[in-house]
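Mapped onto the numbering used here, the consecutive letters of the sequence shown carry residue numbers 5 to 296.
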Amino acid sequence: MYLTFNRCLSALHSAHVFSLTTFCHYLHPGFADNMLKQLFTLEDVAAAIKDGSIRNICVMVGAGISVNSGINDYRSANGMYNTLDVQTLSASDEIRALIAEEPSRVVSLQVFEASQLPFLEVERELTIRMYDKVLKPTVTHCMMKVLEDHGVLKRLYTQNVDCFEADAGVSDAVVHNVHGKMNSIRCHYCKAEGSLDEYVEHLRKNVRDISGLDASAPSTTSPLACRRCLKYGMRPDVILYGEALDDSYARGLGITKECDLLIVMGTSLTVAPLSELPGEMPRNCYRLVVNN
Numbered sequence: 005m006y007l008t009f010n011r012c013l014s015a016l017h018s019a020h021v022f023s024l025t026t027f028c029h030y031l032h033p034g035f036a037d038n039m040l041k042q043l044f045t046l047e048d049v050a051a052a053i054k055d056g057s058i059r060n061i062c063v064m065v066g067a068g069i070s071v072n073s074g075i076n077d078y079r080s081a082n083g084m085y086n087t088l089d090v091q092t093l094s095a096s097d098e099i100r101a102l103i104a105e106e107p108s109r110v111v112s113l114q115v116f117e118a119s120q121l122p123f124l125e126v127e128r129e130l131t132i133r134m135y136d137k138v139l140k141p142t143v144t145h146c147m148m149k150v151l152e153d154h155g156v157l158k159r160l161y162t163q164n165v166d167c168f169e170a171d172a173g174v175s176d177a178v179v180h181n182v183h184g185k186m187n188s189i190r191c192h193y194c195k196a197e198g199s200l201d202e203y204v205e206h207l208r209k210n211v212r213d214i215s216g217l218d219a220s221a222p223s224t225t226s227p228l229a230c231r232r233c234l235k236y237g238m239r240p241d242v243i244l245y246g247e248a249l250d251d252s253y254a255r256g257l258g259i260t261k262e263c264d265l266l267i268v269m270g271t272s273l274t275v276a277p278l279s280e281l282p283g284e285m286p287r288n289c290y291r292l293v294v295n296n
């Protein structure tokens, strides 16, 4: 499906759009004085791309851009952390108390190494729906493909693990999956690669559905062992809270020095290190935030 950049921008008009000249002046004193011209609207941005004033774009995205695909975000009122009922989890009282105190711990290194079960249960519905292709990329994901097709998208940093950027056709050479990918399975302990087909089959047959939507789901949850080390460590190759990123993110930052526009979409800018990216861009780089 081919979408023009103008059509993509029109689709984003329903979101609140903030021109970040003031924000960037706060980040970099004298920022506005270094700009070739002021950009205040989406139309201004589109015109600058069309006339060649903007040639090198970096995009930074978070969970908000996938909400229209049917995936809840994490931190909003209706997000996963605020709607999670810890009593539905197959966990000890101690683990439930940890998660109740800080819901993000349900996908943390601390909890996973104590028990694999809460992670399997909280990710079951999303993983199966993604595997079955029930969930699709949105016009926002397609917009990034349009930018790449026009030769202006230099790097796409995504905090998301749903791989919708690739599904929309954005090339692997451009996308940096900062927090990993749900469609790649490995053992947490020995790093052995696993089968996505087998992982999803285990979720269907051996993991409870805490959402209550799947009547065919089992009533109890069983862990999934690695065939090599035999530990209960099989999981998607994603970054858990408390787990360090590899050095590929830091090594890839050099390309940002060439960018003249940073587009930030669908992220609360609360999770490091990506939350620091707007402040690391060149002084003469425009910043545009599109958020609800």
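All residues carry an ideal CB built from backbone N, CA and C; glycine is no exception. From a predicted model like this one, the values you see are computed outputs, not experimental measurements.
Item, Value
"Is there contact here, the stretch 257-270 with the stretch 60-74, by at least three beta-carbon pairs under 8 angstroms?", "yes"
"Would G216 be called buried (16 or more neighbouring beta carbons within 10 Å of its own) or exposed?", "exposed"
"When burial is assigned at 16 or more other CB atoms within 10 Å of the CB, is D213 buried or exposed?", "buried"
"Identify every run of the alpha helix (DSSP H) within the stretch 118-170, keeping only runs that are complete inside it and at least 4 residues long; order them along the chain.", "121-135, 143-153"
"If N122 sits next to A172, beta carbons under 8 angstroms apart, how far is it from one beta carbon to the other, in whole angstroms?", "Note that residue 122 corresponds to Pro in the displayed sequence, not to Asn. Not quite, the Cβ-Cβ distance comes to about 31 angstroms (not below 8 angstroms), so this is no contact."
"According to DSSP, simplified to helix, strand and coil, what is P107?", "helix"
"Quick one: give me the first and last residue of the beta strand (DSSP E) that S94 is part of.", "Taken as a continuous stretch (DSSP letters only), S94 belongs to no beta strand (DSSP E), as it is neither H nor E."
"Would you tell me roughly how many angstroms separate the C-alpha atoms of C194 and D48, rounded to the nearest one?", "51 angstroms"
"Nearest to H180 by CA position, among S252, V71, G246, is which residue?", "S252"
"Straight-line CA distance for A219 to G184?", "30 angstroms"
"So, using beta-carbon positions, are A104 and V90 closer together than 8 angstroms?", "yes"
"Pull up the distance between the alpha-carbon of D201 and that of G83, whole angstroms please.", "28 angstroms"
"Can you tell which of Q114, L88, L292, R255 has the C-alpha that lies nearest to the C-alpha of T271?", "L292"
"DSSP three-state label for V211, please.", "coil"
"Using 8 angstroms as the threshold, is the C-beta distance between V242 and I132 below it?", "no"
"Given this structure, state the Cα-to-Cα distance separating R239 from K54, to the nearest angstrom.", "43 angstroms"
"What is the residue span of the alpha helix (DSSP H) that N86 lies within?", "84-87"
"Drop a sphere of 10 angstroms on the beta-carbon of D97, count the other beta-carbons inside from all chains shown, and report buried for 16 or more, exposed for fewer.", "exposed"
"By the DSSP assignment, the beta strand (DSSP E) with K185 in it spans what residues?", "184-191"
"Out of H192, E127, A276, which has the shortest C-alpha to C-alpha gap to R232?", "H192"
"Can you name, in chain order, every residue of its own chain whose Cβ lies under 6 angstroms from the Cβ of V64, other than the five neighbours on each side?", "According to the sequence shown, residue 64 is Met rather than Val. Hits under 6 angstroms: Y161, V268, L281."
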